Amino acid sequence: MKDYIWKRVVEVSTYIARTRSTVREAAKVFGVSKSTVHKDVTERLPKIDSQLAAKVHQVLETNKAERHLRGGEATRLKYLQEQRGQETRQTPSEPPVGA
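See below:
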């Protein structure tokens with residue numbers, strides 16, 4: 003394994019273990035694809051550091067178990083934003099009562 007790959011695997015894995023971030027979040031921070039991060043932590047990391055691999059695996063399992071909650075929250079926020087946007091765009095067609 004080339005040095006730059008080895009270094010990236012350790013840095014990404016340490017970041018995920020320390021911050022409990024998702025694969026997507028780590029990919030954004032390190033400027034690589036989700037596929038690269040996933041391959042780094044599932045295939046390459048166990049060959050480098052088994053203890054760190056176990057910690058990262060636990061974080062990934064937790065994130066996997068919670069992903070349906072994050073997805074539901076994202077959908078809820080999306081519809082709330084759309085609803086607020088419609089409320090501000092609507093203009094009354096009649097003047098208010100008593101005006």
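Residue numbers (our numbering): 3 to 101.
By construction, the Cβ of each residue, glycine as well, lies at the ideal position given by its N, Cα and C atoms.
Source: prediction; values computed, not measured.
K30 and V11 have their C-alpha atoms spaced approximately 15 Å apart.
Taking every protein chain shown into account, the CB of D5 has fewer than 16 other CB atoms within 10 angstroms, so this residue is exposed.
Spanning the alpha carbons of S35 and P48 requires a straight line of approximately 20 Å.
In this structure A55 is buried. Its beta-carbon is surrounded by 16 or more other beta-carbon atoms within 10 angstroms.
Setting aside the 5 residues that flank it on each side, D51 is surrounded in the same chain by V12, S15, each with a C-beta closer than 8 Å to its C-beta; the list follows chain order. In this structure, K57 lies near A19, with their beta-carbon atoms less than 7 Å apart.
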